[in-house]
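I have placed the structure first, in the form of structure tokens, so that the comments after it can refer back to it.
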Amino acid sequence: MAAGDTVSIELGHFALILAFAIAAISTVGGYVYWRSGQRIALVLSQGAVLQFVLVAVAFAALIQAFVTSDFSLLLAVNNSHSLKPLLFKISGVWGNHEGSLVLWIFILVSFGAMVAAFGRRLPDDLLSLVLATQSMLTAAFTGFTLFTSNPFERVFPAPLQGNDLNPVLQDVGLAIHPPLLYAGYVGFSICFSFAIAALISGRIDQAWARWVRPWAMLSWIFLTMGIAMGSYWAYYELGWGGWWFWDPVENASFMPWLAGTALLHSALVMEKRNALKIWTIFLSIITFSLSLLGTFLVRSGILTSVHTFASDPTRGMVILALLALVIGGAFALFAFRASSLRQGGLFAPVSREGALILNNLFLATAVGAVLVGTLYPLLLDALTGTTISVGAPFFNLTFGALMAPLLLVLPFGPLLAWKRADVVGAAQRLIGAAALAIFATILISALGGVSISLAPLGLLLGFWVAFGAIAELVERSKLGRIPLGESMRRLFGLPRTTWSTALAHFGMGVTVLGIVATTAWETELVTTLNPGETAELSGYTIAFDDFQQVPGPNYLSDEGRFTVTAPGGSTREMMADRRTYVASGMPTTEAAIETYGFSQLYLQLGEPLDNTHVVRIWHKPYITLIWLGAILMALAGMISLTDRKHRVGAPQRARKTVASPAE
Amino acid sequence: MTWLRALLLVLCLVSPVAALSPDEVLPDPVLEQRARDISSGLRCLVCQNQSIDDSDADLAKDLRLLVRDRLVKGDSDEAVRQFLVDRYGEYVLLNPRLNNHTVLLWIAAPGLLLVGLGTLFVLGRKRRTVTAGLSDDEQAALDELK
Chain G
1 MAAGDTVSIE LGHFALILAF AIAAISTVGG YVYWRSGQRI ALVLSQGAVL QFVLVAVAFA
61 ALIQAFVTSD FSLLLAVNNS HSLKPLLFKI SGVWGNHEGS LVLWIFILVS FGAMVAAFGR
121 RLPDDLLSLV LATQSMLTAA FTGFTLFTSN PFERVFPAPL QGNDLNPVLQ DVGLAIHPPL
181 LYAGYVGFSI CFSFAIAALI SGRIDQAWAR WVRPWAMLSW IFLTMGIAMG SYWAYYELGW
241 GGWWFWDPVE NASFMPWLAG TALLHSALVM EKRNALKIWT IFLSIITFSL SLLGTFLVRS
301 GILTSVHTFA SDPTRGMVIL ALLALVIGGA FALFAFRASS LRQGGLFAPV SREGALILNN
361 LFLATAVGAV LVGTLYPLLL DALTGTTISV GAPFFNLTFG ALMAPLLLVL PFGPLLAWKR
421 ADVVGAAQRL IGAAALAIFA TILISALGGV SISLAPLGLL LGFWVAFGAI AELVERSKLG
481 RIPLGESMRR LFGLPRTTWS TALAHFGMGV TVLGIVATTA WETELVTTLN PGETAELSGY
541 TIAFDDFQQV PGPNYLSDEG RFTVTAPGGS TREMMADRRT YVASGMPTTE AAIETYGFSQ
601 LYLQLGEPLD NTHVVRIWHK PYITLIWLGA ILMALAGMIS LTDRKHRVGA PQRARKTVAS
661 PAE
Chain P
1001 MTWLRALLLV LCLVSPVAAL SPDEVLPDPV LEQRARDISS GLRCLVCQNQ SIDDSDADLA
1061 KDLRLLVRDR LVKGDSDEAV RQFLVDRYGE YVLLNPRLNN HTVLLWIAAP GLLLVGLGTL
1121 FVLGRKRRTV TAGLSDDEQA ALDELK
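Chain order of the listed sequences is G and P.
Here the numbering used here is used: the first residue of the first sequence is 1, the next is one more, and so on.
Here the numbering used here is used: the first residue of the second sequence is 1001, the next is one more, and so on.
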């Protein structure tokens, strides 16, 4: 390879070491001198920007080595191949342990730099403590990377070709999924740092919640998108159309999402009513702790099995020690300092804040339930040697039982006033939504046939949440009670946060509907077909036209072409293939998915069987609603971020609304 | 993180394709449906958290055939599960049965909820008489999560 590349790898290595040093100095300096006002805050801000620049250089060096197929870099040898398409060369950087750590750190320092850039209006001591804590995290994980998982290791002599990235990972969805997910995980580090800063300085007020909420919202948006993306990736790539498996790895990303959702709601109470302060601090710490667990406990291998963990004990032990230190330290600080924070806030059980507390109760319990379900088999094995499995049926039952009451009370929340609300009044305003939900459920159950007993209940909940969300908009625009034009003016004059709340809750309802519909009415056909033969499923006629072998860029493909005739008579072509990757010899299946309205036809070409082809076909009614709902939720988050109230450095506006009820 | 799961999947499977083959399907649709219900709750013992219904591993196929074989011979659903538990241990069940080892697992979620509700109730009553802050509330909520 050219000499320039070689230099840049060492440059990247050096930049990462320098970032580590600066982060370490910022940590110590920040924690010692945080009272020193503007000067230390400025120094730490510059340190945060510098960390960002240096890690960016390190990250760029890795990307360059992958893109130019510089196989003097061990990481590129193990995870890349010169024939790989450019996108997968780049995504190959984080498709492995070492590289994904660098991505994680890069996002961490990006958020740190953003705080430094946007945090000018924060009090100096708070800003200093936040940046010191961010630097502490950077130092800890950069140190871990450099000392146990160095991505810049070289090989000499450099091999001519790399071993390629795992074929299953060579996918657009998986190229984007980890950065999104990591942005979500790591974004919560800001909330964590704010919580630590509040605990150390002993000062916490409504302004704190206003500063933290946009960061929590931003992270939550990323995490929502990341989880939805991962779910859709599993759906189309793993080849049998499952979209959620309650796998420990999935649970690890879901728990921070649940906790983060709780945090968004509790911070709202803190911002508006100056209550739930310590609980919000606690949630900030727990959310990021769960994010850390999500990234690193999974990485340590301990979640998969105690036995894989033992196979690479050094790295695993260091991760566990690091997690114990960061999380344990934070909770020790919490236990030690929380009681000294000033309390505030009184309220009646029936009020907006009462509803939000109920939301937090169920979400927090759900986090606990998923955590226990995920870790229980592990602990039981470690303590008693008994092995049990805790799988999807268990989680569906416990999680479902917790979500049902939450969804049931959800539409009431936004319609209740702060402080003291009128539950009868709220119920009256929801009568329309309830009637519509019942009507829609009966209609669909009658048309679709009830195949599982809980389906109507699930549908009812989904419709109730979705229509209930709209009810708030209808109510606040006085639709039907005043002239339409005036109503529309009111509707579009509503604060963006109101729109955001309604849209997020509507998205939740949409997701629930998708889950229920596809679970209850999915149909499946497993059969053998030869070219020229046809199969039928749920009114769709699937003709197997043609089978051929085609070479791809770094794989060989067995392609099956199908013509699908929909119940309406329209025909579409579908192409499903099985690939065998040249470098690894590993096969993958690429399912063909065709979207009809909100439903999908999912077709998978199976292995050859006695001179014919195994073909698996699923009809998945309304399955896209699951991800559509998630997109709506993320969109709602973005709308909320554009509300001027949430912009960092608009401290006066929210205070004014504190005393006035929501309506 | 999904890539990690994918990796494990690949390590454990010959190929990550759907499992059930047409030659396994029972002619009787009622019996077949029962077989599917049972097998979706049975763990593929050599995979990471997959049911035998979803797995392409040879062992999963053997188990699917075994389940169908027992059903054809007239076993009840419970008898089939028991047969597999006797053979492979509780580990084979994705939905753990309530026993001494799993009692904590099963009471965890309702227990947490009750503790949380109880705390809110107690605090709500206390607040009406004493003008107190929220520290107990949060402490209890903290305990609830532990």
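Every residue gets a Cβ at the ideal spot worked out from N, C-alpha and C, and that includes glycine.
CB contact flag (residue i, residue j, <8 Å)
i, j, result
"Gly514 of chain G", "Leu605 of chain G", "no"
"Arg352 of chain G", "Gly413 of chain G", "yes"
"Ile190 of chain G", "Ala198 of chain G", "no"
"Val212 of chain G", "Ala267 of chain G", "yes"
"Leu407 of chain G", "Val510 of chain G", "no"
"Val350 of chain G", "Thr148 of chain G", "no"
"Leu402 of chain G", "Ala433 of chain G", "no"
"Val564 of chain G", "Ile542 of chain G", "yes"
"Gly260 of chain G", "Ala216 of chain G", "yes"
"Ala591 of chain G", "Tyr236 of chain G", "yes"
"Ala262 of chain G", "Leu293 of chain G", "no"
"Ala634 of chain G", "Ile221 of chain G", "yes"
"Ser1021 of chain P", "Leu609 of chain G", "yes"
"Ile22 of chain G", "Leu50 of chain G", "yes"
"Pro151 of chain G", "Val102 of chain G", "yes"
"Leu146 of chain G", "Leu16 of chain G", "yes"
"Leu1042 of chain P", "Leu1105 of chain P", "no"
"Ile285 of chain G", "Phe362 of chain G", "no"
"Gly30 of chain G", "Ser135 of chain G", "yes"
"Ile388 of chain G", "Leu380 of chain G", "yes"
"Ile438 of chain G", "Leu333 of chain G", "no"
"Ala175 of chain G", "Phe88 of chain G", "yes"
"Thr138 of chain G", "Ala65 of chain G", "no"
"Leu1094 of chain P", "Ala392 of chain G", "yes"
"Val615 of chain G", "Glu607 of chain G", "no"
"Leu1071 of chain P", "Leu1031 of chain P", "yes"
"Val155 of chain G", "Leu258 of chain G", "no"
"Gly99 of chain G", "Leu62 of chain G", "yes"
Beta-carbon separation (whole angstroms), residue i vs residue j, contact threshold 8 Å
i, j, result
"Arg35 of chain G", "Asp125 of chain G", "6 Å"
"Ala48 of chain G", "Ala116 of chain G", "4 Å"
"Ile1038 of chain P", "Asp1062 of chain P", "15 Å between Cβ atoms; not a contact."
"Thr523 of chain G", "Leu537 of chain G", "6 Å"
"Ala471 of chain G", "Leu430 of chain G", "6 Å"
"Phe463 of chain G", "Ala440 of chain G", "5 Å"
"Arg1036 of chain P", "Asp1053 of chain P", "6 Å"
"Leu276 of chain G", "Leu297 of chain G", "With a Cβ gap of about 28 Å, Leu276 of chain G and Leu297 of chain G do not count as contacting."
"Leu525 of chain G", "Ala535 of chain G", "6 Å"
"Thr287 of chain G", "Gly1116 of chain P", "Wrong, their Cβ atoms sit about 18 Å apart, outside the cutoff."
"His505 of chain G", "Val465 of chain G", "6 Å"
"Ser26 of chain G", "Leu160 of chain G", "Between Leu160 of chain G and Ser26 of chain G the Cβ distance is about 43 Å, and since that is not below 8 Å, they are no contact."
"Ala76 of chain G", "Gly162 of chain G", "6 Å"
"Val67 of chain G", "Leu83 of chain G", "The pair is not a contact, with the Cβ atoms about 13 Å apart (cut-off 8 Å)."
Does the count of Cβ pairs from the stretch 490-506 of chain G and the stretch 541-553 of chain G closer than 8 Å reach three?
no
In the stretch 386-420 of chain G, which residues sit with their C-beta less than 7 Å from some C-beta in chain P, listed in chain order?
Thr386, Thr387, Ile388, Ser389, Val390, Gly391, Ala392, Pro393, Phe394, Thr398, Leu402
If we count Cβ pairs, one from each stretch, closer than 8 Å, do we get three or more for the stretch 472-483 of chain G versus the stretch 583-603 of chain G?
no
Whether or not the stretch 223-238 of chain G and the stretch 177-185 of chain G are in contact is what I'm after, with contact meaning three or more pairs of Cβ atoms, one per stretch, closer than 8 Å; do they touch?
yes
Should the stretch 24-41 of chain G be called in touch with the stretch 123-137 of chain G, which here means at least 3 C-beta pairs below 8 Å?
yes
Residues of the stretch 240-252 of chain G whose Cβ lies closer than 9 Å to any Cβ of chain P, in chain order
Trp240, Gly241, Gly242, Phe245, Trp246, Asp247, Pro248, Val249, Glu250, Ala252
Taking three-plus beta-carbon pairs below 8 Å as touching, is the stretch 1099-1106 of chain P in contact with the stretch 1042-1058 of chain P?
no
Relative to chain P, which residues along the stretch 511-532 of chain G have a C-beta separation below 7 Å, given in chain order?
Val526, Thr527, Thr528
Any residues in the stretch 1060-1091 of chain P with a beta carbon nearer than 8 Å to a beta carbon of chain G? Which ones, in chain order?
Gly1089, Glu1090, Tyr1091
Does the stretch 558-572 of chain G come close enough to the stretch 82-97 of chain G that 3 or more CB-CB pairs lie under 8 Å?
no
Please list the segments of the alpha helix (DSSP H) lying wholly inside the stretch 1039-1086 of chain P, counting only runs of 4 or more residues, in order along the chain.
1058-1072
Mind checking the stretch 583-612 of chain G against chain P and listing, in chain order, the residues whose C-beta falls within less than 8 Å of any C-beta there?
Met586, Pro587, Thr588, Thr589, Gln604, Gly606, Glu607, Leu609
Can you find at least 3 beta carbon pairs, one from the stretch 97-113 of chain G and one from the stretch 167-174 of chain G, that sit closer than 8 Å?
no
Completely contained beta strand (DSSP E) runs for the stretch 541-605 of chain G, where each covers 3 or more residues:
555-565, 571-581, 587-590, 592-596
Listed from N- to C-terminal order along the chain, which residues in the stretch 103-119 of chain G have their beta-carbon within a distance smaller than 9 Å of any beta-carbon of chain P?
none
Continuous beta strand (DSSP E) assignments of at least 3 residues falling wholly in the stretch 492-538 of chain G
523-529, 534-537
Listed in chain order, which residues of the stretch 1026-1043 of chain P have Cβ atoms closer than 7 Å to some Cβ of chain G?
Gly1041, Arg1043
With a floor of 4 residues, list each alpha helix (DSSP H) that falls wholly inside the stretch 149-212 of chain G, ordered by position along the chain.
172-201
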